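Participant: Quick mapping for you: the protein sequence lines, in order, are chains A and B.
Last residue of the first sequence: 1583 in our numbering, with the numbers rising by one and none dropped.
Last residue of the second sequence: 236 in our numbering, with the numbers rising by one and none dropped.
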Amino acid sequence: MRAVWCAVLTLLAYAPAVATAQSERSVTREMLDRARSALSDLQYARADSAARDVLLLAMLPRSARVEALQIQAAANLPEAGGERRPAAARAALTQLLRLDLANEIPAELSTPALDSLYRQVRETVYAISVIVRRDNPITGIHGTSLLRVRANRPSSFKLTARSKDGIESIPIDSVMSSMDTTLALRVGRNGQLLLRGSEYEFVVTAVDIASRETLVRTYDGTVAIPAIEYLILPPTVDSALLKPERAAPERTPGIITGIVVAGATVLMGKNLRADEPIKSAFAPEGRYMSAAVLIAVGAGVAAWFDRGRVLDRNVQANRRLVLESEAQRRVAIAENAKRAADYRANITLNTEGR
Amino acid sequence: MRRFRLLFPILITLPTPTMGQVADTSSATARGESRIGVTSVGTRRFLAEGTGPTRSAGMTMSGVEFMVRSSDGAGLAGRYESGTINGQASNPVAGKVETVDGRFLLGTRTFALVVGYMTRSSSIDQVVRRLGLARAGLEMGRAFEGAGLVLNVGAYYLRTIKPVKSDSLEADALEAESSLIYAPPRWPAYVQVGYRREVVNLKKEKDVLRREELGKFVLGIGFQTGLSAR
């Protein structure tokens, strides 16, 4: 019972607003119909006046503004029987195209003179067209939903999301030079969220590359964006944790041992002799000295280039440590990639751009 | 005994640097070692027989040697050497000298007792005689694996175990040697340079029939494992 009362009270609270909107729509429609009727009756001044009145209305829907401008253009450049005001018609067509490059003169209002003027204006006025969808589902943290943008001149395009308070302005996408391209709506970049769950103004800025003339379209949007939680990646192995993979070089012991062995060779060569009469008859065989020099020099050179013994257990332990760390990182990265891929968000845009 | 005293300095000097400055290798797996290679031995032979004149001659002996050692240092080694000094048969220093030698290395790489057996063939009174000599001695060495370097010294005493039956010929000998072995990184090869001195006495019933002194300059090359992992 309480729920029913709540529903009734809610309806009562919203009823005036709904009624106001409906009444505005009907008034606009009535004024536009009156303008069309005047145009049909060749009462161009009345048609122009009625169209101007429509354009003065607040909260005018885009479609009504387009229709009013079309009527105004036609009323100021009649085929016959009325006063021609090309400047006013040109102004109306300029506004029409500035609203959207895709806007045209409908067949029922078309005349050769108006079509000709339309083509002239289209060639001289810089205009763009932005095609947006209301719902823009985004799959994956790096997923996108595309807006199509066109211009009648080579232009650069930029899409930014601006917070309602105007403080944040987040670049979303850009195109350097094109006349017909797409801009990607996105909620994340490099795995991180760009936007928050909030209301934004999505601003498409087009700049004519030649003249630097700038056109801006703004679309109100609501970003429905859940938080994404990533696993914290284990750090790579700190080199300080790795064990030394080589023992200290043994240069000095190597050189000393070489000298000792060379000395032992000399001692042996000089002293280990046969007894008499050989000892007196012959001097010791002399190549022991050559051998001693070779041993000392060879040991010295080899020891000098000693890089230290390979500590294979430490090498294996380090390898295990690195592999374990990499495995943990790989698991976390894979899980994060899965979370990023499974991520879902939605951007709802008001297709009535400003 | 006097000769042993002469060898004493050799035996005491090597352990000082080799045993006192061992690097921290507790994180390295002890590896075995093996070598097989050929040698070229430049030999100078001095010889004196009884009261006869002393003689000297040179030759180059060829040889093959091998060594297998476990990670704790115990192992087995063998050597074959052969060479001929040209000259008249009546010249006692001339003729073929051939040795076949086998040794057990008991201990560690740094310090090992060596026992073995050697046969030595040479011409005595124009007859080729082969004597078998038992060997006992010490071998000390140090491997620097980071440099691919092995340094060794050894000293041995050899003698016939019992006199040859026909004429009671006996022999004893002293032998000392030193060597350097170098193995290049990653290549299972080695080169060797060394020197060996042998002093041999042939005896018959305590009378020395012949004294010999051989000085051998050893160059070797071959294959090895255990020294190239660096």
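Quick reminder that beta carbons are idealized off the backbone N, C-alpha and C, glycines included.
In this text, all values refer to a predicted model and were calculated from it rather than measured experimentally.
Go to D173/B, then tell me how far its alpha helix (DSSP H) extends in each direction, as first and last residue.
Facilitator: Mapped onto the second sequence, residue 173/B falls at position 167. Unbroken run through D173/B: none, as it is neither H nor E.
Participant: On the CB-based measure, 16 or more other CB atoms within 10 Å of its CB, does T1443/A come out buried or exposed?
Facilitator: As a working note, residue 1443/A is residue 214 in the first sequence. So T1443/A ends up on the exposed side.
Participant: According to DSSP, is K209/B part of a helix, a strand, or is it coil?
Facilitator: Indexing the second sequence from 1 puts residue 209/B at position 203. It is a strand residue.
Participant: Cβ atoms of L1414/A and S1374/A: under 7 Å apart, would you say?
Facilitator: Translated into positions along the first sequence, residue 1374/A becomes position 145. Translated into positions along the first sequence, residue 1414/A becomes position 185. Yes, Cβ-Cβ distance for S1374/A and L1414/A is below 7 Å.
Participant: Assign R1231/A to one of two classes, buried (16 or more other C-beta atoms within 10 Å of its C-beta) or exposed (fewer than that).
Facilitator: In the first sequence, the residue the question calls residue 1231/A occupies position 2. Any reading at R1231/A needs caution, since the residue's pLDDT is 48, under 50, leaving its predicted position unreliable; the model's value is listed next. So R1231/A ends up on the exposed side.
Participant: Taking the beta strand (DSSP E) that L81/B falls in, what are its first and last residues?
Facilitator: Position 75 of the second sequence, counted from the start, is the residue given in the question as residue 81/B. A small fix is needed here, since residue 81/B is Gly in this sequence, not Leu. G81/B -> beta strand (DSSP E) spans G81 to I91.
Participant: Using a Cβ-Cβ cut-off of less than 9 Å, give me the residues of the stretch 1495–1515 of chain A that come near chain B, in sequence order.
Facilitator: Residues passing the 9 Å Cβ filter: L1496, M1497, G1498, K1499, N1500, L1501, R1502, A1503, D1504, E1505, P1506, I1507, K1508, S1509, A1510, F1511, P1513, E1514 and G1515.
Participant: Taking 7 Å as the threshold (beta carbon to beta carbon), is E1591/A in contact with chain B?
Facilitator: Lying before the first or after the last residue shown, residue 1591/A is absent from chain A, which here runs from 1230 to 1583.
Participant: Kindly say whether A29/B, judged by its beta-carbon, lies nearer than 7 Å to any beta-carbon of chain A.
Facilitator: Position 23 of the second sequence, counted from the first residue, corresponds to residue 29/B. Confidence in A29/B is poor, its pLDDT being 44 and thus under 50, which makes the residue's placement unreliable; the coordinate value appears in the next sentence. Cβ-Cβ to chain A under 7 Å: yes for A29/B.
Participant: At a CB distance below 7 Å, what residues from the stretch 1535–1548 of chain A approach chain B? Give them in sequence order.
Facilitator: So the close ones are D1535, R1536, G1537, R1538, V1539, L1540, D1541, R1542 and N1543.
Participant: Going residue by residue through the stretch 1360–1388 of chain A, where are the continuous beta strand (DSSP E) segments of at least 3 residues, counting only ones entirely within it?
Facilitator: Those beta strand (DSSP E) runs which fall completely within the stretch 1360–1388 of chain A and span 3+ residues are 1364–1368.
Participant: How is S76/B classed by DSSP in three states: helix, strand or coil?
Facilitator: Position 70 of the second sequence holds residue 76/B. Residue state, collapsed to three classes: coil.
Participant: Return the first residue and the last residue of the beta strand (DSSP E) that D1467/A is part of.
Facilitator: Taking the first sequence and counting its residues from 1, the one referred to as residue 1467/A is at position 238. Here D1467/A belongs to no beta strand (DSSP E), and DSSP marks it neither H nor E.
Participant: Would you mind sorting M124/B into buried or exposed? The rule is 16 or more other CB atoms within 10 Å of its CB.
Facilitator: Mapped onto the second sequence, residue 124/B falls at position 118. Flag for M124/B reads buried.
Participant: Can we say the stretch 185–192 of chain B touches the stretch 1553–1570 of chain A, given the rule of at least three CB pairs closer than 8 Å?
Facilitator: Result no; under three Cβ-Cβ pairs closer than 8 Å.
Participant: Considering only the alpha carbon of each residue, which of K210/B, T49/B and Y86/B lies closest to A1520/A?
Facilitator: As a working mapping, residue 1520/A is identified with position 291 in the first sequence. Among K210/B, T49/B and Y86/B, the Cα nearest to that of A1520/A belongs to T49/B.
Participant: Give the DSSP-derived three-state secondary structure of T105/B in the structure shown.
Facilitator: The count along the second sequence starts at 1 and reaches residue 105/B at position 99. DSSP places T105/B in strand when its eight states are reduced to three.
Participant: CA-CA distance, T1481/A and V70/B?
Facilitator: The sequence position of residue 1481/A within the first sequence is 252, counting from 1. The sequence position of residue 70/B within the second sequence is 64, counting from 1. Approximately 33 Å, taken between the alpha carbons.
Participant: Between the alpha carbons of Q230/B and G122/B, how many angstroms are there, rounded?
Facilitator: Here residue 230/B corresponds to residue number 224 of the second sequence, with the count starting at 1. Here residue 122/B corresponds to residue number 116 of the second sequence, with the count starting at 1. Rounded to the nearest angstrom, the two C-alpha atoms are 22 Å apart.
Participant: Can you give the Cα-Cα distance for R1265/A and V1354/A, rounded to whole angstroms?
Facilitator: Position 36 of the first sequence, counted from the first residue, corresponds to residue 1265/A. Position 125 of the first sequence, counted from the first residue, corresponds to residue 1354/A. Cα to Cα, the separation comes out at about 26 Å.
Participant: According to the neighbour-count rule (16 or more other Cβ atoms, all chains shown, within 10 Å of its Cβ), is V1539/A buried or exposed?
Facilitator: The residue given as residue 1539/A occupies position 310 in the first sequence. By the 10 Å Cβ count, V1539/A comes out buried.
Participant: Can you confirm whether Y162/B, when its beta carbon is compared against all beta carbons of chain A, has any partner nearer than 7 Å?
Facilitator: Mapped onto the second sequence, residue 162/B falls at position 156. Chain A, which has no Cβ nearer than 7 Å to the Cβ of Y162/B, makes this no.
Participant: Taking only the alpha-carbon atoms, compute the straight-line gap between E1514/A and G1498/A and give it to the nearest angstrom.
Facilitator: Numbered from 1 along the first sequence, position 285 holds the residue referred to as residue 1514/A. Numbered from 1 along the first sequence, position 269 holds the residue referred to as residue 1498/A. For E1514/A and G1498/A, the distance between alpha carbons rounds to 7 Å.
Participant: So what's R141/B in DSSP terms, helix, strand or just coil?
Facilitator: The residue you call residue 141/B lines up with position 135 of the second sequence. DSSP places R141/B in strand when its eight states are reduced to three.
Participant: Suppose contacts are defined by Cβ-Cβ distances below 7 Å. Is R1542/A in contact with S33/B by that definition?
Facilitator: The residue given as residue 1542/A occupies position 313 in the first sequence. The residue given as residue 33/B occupies position 27 in the second sequence. The answer is yes: Cβ separation under 7 Å.
Participant: Please decide whether A1569/A counts as near chain B, where near means a Cβ-Cβ distance under 7 Å.
Facilitator: Working through the first sequence from its first residue, we reach residue 1569/A at position 340. False, the Cβ-Cβ gap to chain B never drops below 7 Å.
Participant: Taking the continuous beta strand (DSSP E) assigned at M1497/A, which residues delimit it?
Facilitator: Numbered from its first residue, the first sequence carries residue 1497/A at position 268. Run containing M1497/A: none in the beta strand (DSSP E); it sits in the alpha helix (DSSP H), R1480 to N1500.
Participant: Taking all protein chains shown into account, do 16 or more other C-beta atoms lie within 10 angstroms of the C-beta of D1535/A, making it buried, or fewer, making it exposed?
Facilitator: Sequence index remark: in the first sequence, residue 1535/A carries index 306 (1-based). By the 10 Å Cβ count, D1535/A comes out buried.
Participant: Using the DSSP secondary-structure output, state which residues sit across from Q1421/A in a beta bridge.
Facilitator: Within the first sequence, residue 1421/A is the residue found at index 192, counting from 1. Bridge partners of Q1421/A: R1418/A.
Participant: Can the beta-carbon of R1412/A be found less than 7 Å from the beta-carbon of V1452/A?
Facilitator: Working through the first sequence from its first residue, we reach residue 1412/A at position 183. Working through the first sequence from its first residue, we reach residue 1452/A at position 223. The displayed chain sequence assigns Leu, not Arg, to residue 1412/A. No, they are not a contact pair.
Participant: Counting only the same chain and skipping the five closest in sequence on each side, list residues whose C-beta sits under 8 Å from that of R1418/A.
Facilitator: Position 189 of the first sequence holds residue 1418/A. Around R1418/A: H1371.
Participant: According to DSSP, is V1350/A helix, strand or coil?
Facilitator: Along the first sequence, read from residue 1 onward, the residue named residue 1350/A stands at position 121. Helix at V1350/A.
Participant: By the three-class DSSP mapping on this structure, what secondary structure does P98/B have?
Facilitator: Taking the second sequence and counting its residues from 1, one reaches residue 98/B at position 92. Three-state DSSP puts P98/B in coil, outside helix and strand.
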